[in-house]
Amino acid sequence: MSHAKDKRKQEGDDVVPETQKKAREEVTDEEVEEFYAILRRINMAVKYFKSTRDDVAALEKEIMQEVKGATMNGNEEDTEKNLSLDLNLTPTTPT
1 MSHAKDKRKQ
11 EGDDVVPETQ
21 KKAREEVTDE
31 EVEEFYAILR
41 RINMAVKYFK
51 STRDDVAALE
61 KEIMQEVKGA
71 TMNGNEEDTE
81 KNLSLDLNLT
91 PTTPT
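Residue numbering for the sequence shown is 1 to 95, as defined by full-length UniProt numbering.
Put into structure tokens, the structure is as follows:
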């Protein structure tokens, strides 16, 4: 058991030798500005999504009402046609 302890002992004060330490790079002003620009963009995105949360909830509620209304009428085939998504079509607004 004492032999294992002897193996684990290191020379000196258990400090990493100077040759193994990595040199720190200086941060430039340009990198700092880029970092803060990224933070500003993230902050703007968060504010945008907070402001549109109510619109999304209202839209989801409207869609669910349409789906429930179509299934109550027994028009499940029509429901599938209306809910299909074609990404090549130009969106139309209901009148």
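Heads up, the beta-carbon is just placed ideally off N, CA and C, and yes, glycines get one too.
Keep in mind it's a predicted model, so treat the numbers as computed, not measured.
Secondary structure at T52: helix, using DSSP grouped into helix, strand and coil. In this structure, DSSP gives L39 a helical state, which the three-state scheme calls helix.
Note on geometry: alpha-carbon atoms of Y36 and K50 lie some 21 Å from one another.
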